[in-house]
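Here the structure comes first, spelled out in structure tokens, and everything after it is commentary.
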Amino acid sequence: MAEAGVATVRLFPEWRAIEPEDGTWNWEAADSLVDTATRNGLKISGLLLGSSPGTEASHAFPMNDLDDWSEYVSAVAGRYREQIRYWEVWNEGNGSFNDGDNTTSDYAKLAIASYEAAKQANAQAQVGLTVASFDLPYLNQTILAMAKAGKPDSFDYLCIHPYEVADGISNDVDGEIPFLWMNHLLRDMLKDSAPERSDAEIWITEVGRWIGTRNERTVSESDAAKALVKLYTMSIAQGIARVQWFEAQAPQGEDQGFGLLEQDGTARDAYQALALLKKALGAKPAYQGWLALGGSGRGYGFVFQGHSYPVLVAWMPKGLTDRSLSFSGDVKVTDPSNGTSRTLKASQVLELSEAPVLVTGLPTELRDQARLNAGKRFPWGGDHADARTVSIRPGTADADKGVFLLGEGERRRFDFADGSSGIQMEGDIEHPANFYVHPSFASPQTRDYYIRVAVRRLGSGNVGMNLLYEIADSQGRTPYVNRGKWFGASQDSGWQTYTWHVSDASFSKMWGYDFSIRPEQSVPFVLGKVEVSTQPFK
């Protein structure tokens, strides 16, 4: 890992591995881990995790043993004060590591105890809150609960695991948009809920691309390498302090998994891409600004002051290509997935695709333009901050209306004889239509929305659907709920509309989307338009 440019690794034995019985301490595994990392020039970011020794549950917050928990935290933070500075409180307590059905209020109490114990043992210790996925509401509720308990700001940094949002980059046209806005949304939340921590670092402590086939989708080694380059590039560009890829090596018993290395230690394409990216950008990349590339401006471009020279990382959204980009001087173009390079002569066209490339030898005018853009909002998908309504006509080429359909390119378009069109819906619950709303319009804070659909029959039979939408859940369970109002279309053959009003939506895109149109026991039909508004439709 060190050879690829990895600086920190995230792991640490759980509480019961260190204290198997109350008062009995075993430091062998932890000492060995810390020694190995130190010898290889790696820093550890530690995990504070595990139920009380002797209890049945493995991952229930030790709410009845907070004194013992604090003793454990103090012991590890003190013992490794010279080697480990950063400690995450728990792992995905809003997800599968919540055996005790604990709430955000419980997590706040656990984090407060951890913060105080770690600081007492090591004044330089940094304590982070962490969530599965991009669960901004869970973090927000936790921070508010800290203040309510009289212990505001009992954290130093925030950690997210945005697998689902990251998957959209590879799976969906302009899936980059939600990913690029994560830091901005978290900053806005901190300004409201913890202004004294508004500049707290944001870390991605788990993200990756699973290699293999599942859910009728195949991800190759090359796909994972492309995803890694995009994820690291966009994370740095938006101000994410650190990114930790999950995971270093494919675990035993799995055919492929997430690892940068095979089970036998053989390097995968993603490992090579990480090493090349580090070589080009340096250990601490300096972001200079963005460029909207291509004739339509839909291409993604990010400029960095690299290790030795400025570097442009560039690509197009999934499924799109562009042949309008050229440069006023010769440039070098490198494929980060395999390290091959070629020289592009002045005025020669660079064909951009969804495969990212590194471009060096950038003309001064492009570097200057990127610097001018650095302080501006990212332009992709438009700016809808002042809009009252955003919409999408699925199957059309308009990409800047503010609502986006996941997997739109895989949908079948249907054209009616009168010139109207839409996408064909299969009519069963296994084929929903999942949408996200542009982050400049949607809010992770709870608010009212009106969601209107326009549908049209293809024939006789039942046409019906419901709305699932994202809420803020204090236990981090499924963030989507059923509105409970069924829309059953009449037998009319023309376009029909229906509006749902939701008053408790929290559109943070935890699983990559904000709401879902879910047909059930329905015949196929056409979905022609979806609108989202902050006020009632007239």
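For the sequence shown, my numbering gives the first residue as 84, with consecutive numbering after it.
All residues carry an ideal CB built from backbone N, CA and C; glycine is no exception.
All of these numbers come straight from a predicted model, not from anything done at the bench.
Beta carbon of Val210 nearer than 8 angstroms to that of Ala196: Looking up residue 210 in the sequence shown gives position 127. Looking up residue 196 in the sequence shown gives position 113. No, the Cβ-Cβ distance between Val210 and Ala196 is not below 8 angstroms.
Nearest neighbour of Met229, chosen from Asp255, Val214 and Tyr190 [CA to CA]: Against the sequence shown, residue 229 aligns to sequence position 146. That would be Tyr190, whose Cα lies nearest to the Cα of Met229.
Residue burial classification, Tyr392 (beta-carbon count within 10 angstroms, cutoff 16): Your numbering for residue 392 matches position 309 in the sequence shown. Tyr392 should be labelled exposed.
Whole-number beta carbon distance between Ile294 and Glu279, since they are thought to touch under 8 angstroms: Position 196 of the sequence shown holds residue 279. Position 211 of the sequence shown holds residue 294. Actually they do not touch by this definition, with Cβ atoms about 42 angstroms apart.
Cα-Cα separation, Ala310 to Arg292: Your numbering for residue 310 matches position 227 in the sequence shown. Your numbering for residue 292 matches position 209 in the sequence shown. In a straight line, the C-alpha of Ala310 is about 7 angstroms away from that of Arg292.
Sequence-distant residues of its chain with Cβ nearer than 6 angstroms to Asp466 (five each side left out): Looking up residue 466 in the sequence shown gives position 383. Same-chain partners within the cutoff: Ser523.
Collapsed DSSP secondary structure at Glu491 in the structure displayed: Position 408 of the sequence shown, counted from the start, is the residue given in the question as residue 491. DSSP places Glu491 in helix when its eight states are reduced to three.
The region 549-565 / the region 475-484 touching (three or more Cβ pairs under 8 angstroms): no
Collapsed DSSP secondary structure at Ser503 in the structure displayed: Along the sequence shown, read from residue 1 onward, the residue named residue 503 stands at position 420. In this structure, Ser503 counts as coil in the three-state DSSP scheme.
Which listed residue (Leu435, Pro419, Gly412 and Ile506) has its alpha carbon closest to that of Thr426: Position 343 of the sequence shown, counted from the start, is the residue given in the question as residue 426. Ranking the options by Cα distance to Thr426, first place goes to Gly412.
Collapsed DSSP secondary structure at Ser407 in the structure displayed: Position 324 of the sequence shown holds residue 407. DSSP places Ser407 in strand when its eight states are reduced to three.
Straight-line gap, Ser318 to Leu263 (C-alpha atoms, nearest Å): Position 235 of the sequence shown, counting from 1, holds the residue named residue 318. Position 180 of the sequence shown, counting from 1, holds the residue named residue 263. Answer to the nearest angstrom: the Cα atoms are 7 angstroms apart.
Inter-stretch contact (C-beta, 8 angstroms, three-pair minimum) for the region 415-424 and the region 340-357: yes
Between the CA atoms of Asp501 and Tyr246 - distance to the nearest angstrom: In the sequence shown, residue 246 corresponds to position 163, counting from 1. In the sequence shown, residue 501 corresponds to position 418, counting from 1. About 42 angstroms.
Cα-Cα separation, Phe387 to Thr316: Residue 387 sits at position 304 when you count from the first residue of the sequence shown. Residue 316 sits at position 233 when you count from the first residue of the sequence shown. Going by the C-alpha atoms only, they are around 9 angstroms apart.
The region 549-557 in contact with the region 591-603 per 3-pair CB rule at 8 angstroms: yes
Whole-angstrom C-beta distance between Ala85 and Leu116, which should lie under 8 angstroms: For the purposes of this step, residue 116 is identified with residue 33 of the sequence shown, where counting begins at 1. For the purposes of this step, residue 85 is identified with residue 2 of the sequence shown, where counting begins at 1. The beta carbons of Leu116 and Ala85 sit about 15 angstroms from each other, so the pair does not count as a contact at 8 angstroms.
For Leu344, the nearest candidate out of Ala307, Val326 and Gln371 (CA to CA): For the purposes of this step, residue 344 is identified with residue 261 of the sequence shown, where counting begins at 1. Of the candidates Ala307, Val326 and Gln371, the one whose C-alpha sits nearest the C-alpha of Leu344 is Ala307.
The alpha helix (DSSP H) enclosing Ser276, as first and last residue numbers: If you number the sequence shown from 1, residue 276 lands on position 193. Its alpha helix (DSSP H) spans residues Met265 to Ser276.
Cβ-Cβ separation, Ile252 to Leu314 (assumed contact under 8 angstroms), whole Å: For the purposes of this step, residue 314 is taken as residue 231 along the sequence shown, with counting starting at 1. For the purposes of this step, residue 252 is taken as residue 169 along the sequence shown, with counting starting at 1. Right, the Cβ-Cβ distance comes to about 7 angstroms (below 8 angstroms), so this counts as a contact.
First and last residue of the uninterrupted alpha helix (DSSP H) at Thr316: As a first step, residue 316 must be located in the sequence shown, where it is residue number 233. First-last of the alpha helix (DSSP H) with Thr316: Glu304 to Gln321.
Between the CA atoms of Val546 and Ala143 - distance to the nearest angstrom: The count along the sequence shown starts at 1 and reaches residue 143 at position 60. The count along the sequence shown starts at 1 and reaches residue 546 at position 463. Distance between the alpha carbons of Ala143 and Val546 is about 44 angstroms.
Among Thr529, Ile554 and Val609, the one whose alpha carbon lies nearest that of Thr617: Here residue 617 corresponds to residue number 534 of the sequence shown, with the count starting at 1. The option with the nearest alpha carbon to Thr617 is Thr529.
Span of the alpha helix (DSSP H), counted from its first residue to its last, around Met399: Along the sequence shown, read from residue 1 onward, the residue named residue 399 stands at position 316. Careful: Met399 lies outside any alpha helix (DSSP H) and carries neither H nor E.
Buried or exposed (CB count within 10 angstroms, at least 16 for buried), His244: Translated into the one-based positions of the sequence shown, residue 244 becomes position 161. Buried is the call here.
Segment contact flag, the region 122-140 with the region 153-169, C-beta cutoff 8 angstroms, min 3 pairs: yes
Classification of Asp575 by the beta-carbon crowding that lies within 10 angstroms, buried from 16 upward: Numbered from its first residue, the sequence shown carries residue 575 at position 492. Its Cβ having fewer than 16 others within 10 Å, Asp575 is exposed.
Sequence-distant residues of its chain with Cβ nearer than 8 angstroms to Asn254 (five each side left out): Working through the sequence shown from its first residue, we reach residue 254 at position 171. Arg300, Lys401, Leu489 and Gly490.
Close-in-space but distant-in-sequence residues of the same chain around Thr213 (CB under 8 angstroms, 5 per side omitted): Along the sequence shown, read from residue 1 onward, the residue named residue 213 stands at position 130. Closer than 8 angstroms at the Cβ level, and outside the excluded window around Thr213, lie Glu171, Val172, Trp173, Asn174, Glu175, Gly176, Leu241, Cys242, Ile243, His244 and Thr288.
Run of the alpha helix (DSSP H) containing Leu360, from where it starts to where it stops: Looking up residue 360 in the sequence shown gives position 277. Counting along the chain, the alpha helix (DSSP H) containing Leu360 begins and ends at Asp352 to Leu364.
Neighbourhood of Lys54 by C-beta, 8 angstroms cutoff - its chain only, sequence neighbours within 5 removed: With the chain covering 84 to 621 only, the question about residue 54 has no answer from this structure.
Contact check, Ser430 vs Ser407, beta carbons under 8 angstroms: Reading the sequence shown from its first residue, position 347 is the one you call residue 430. Reading the sequence shown from its first residue, position 324 is the one you call residue 407. Not closer than 8 angstroms, so no.
Buried versus exposed call for Ser543 [16 or more other C-beta atoms within 10 Å across all chains shown]: As a first step, residue 543 is located in the sequence shown; it is residue number 460 there, counting from the start. Exposed, by the Cβ-count rule.
Boundaries of the beta strand (DSSP E) in which Leu441 is found, first to last residue: Here residue 441 refers to the residue found at position 358 when the sequence shown is read from its first residue. Counting along the chain, the beta strand (DSSP E) containing Leu441 begins and ends at Val440 to Thr443.
Cβ-Cβ distance between Phe487 and Trp373 below 8 angstroms: Here residue 487 refers to the residue found at position 404 of the sequence shown. Here residue 373 refers to the residue found at position 290 of the sequence shown. It is not a contact, given that the beta carbons lie outside the stated cut-off.
Arg494 vs Ile506 beta-carbon contact at 8 angstroms: Within the sequence shown, residue 494 is the residue found at index 411, counting from 1. Within the sequence shown, residue 506 is the residue found at index 423, counting from 1. Yes, Cβ-Cβ distance for Arg494 and Ile506 is below 8 angstroms.
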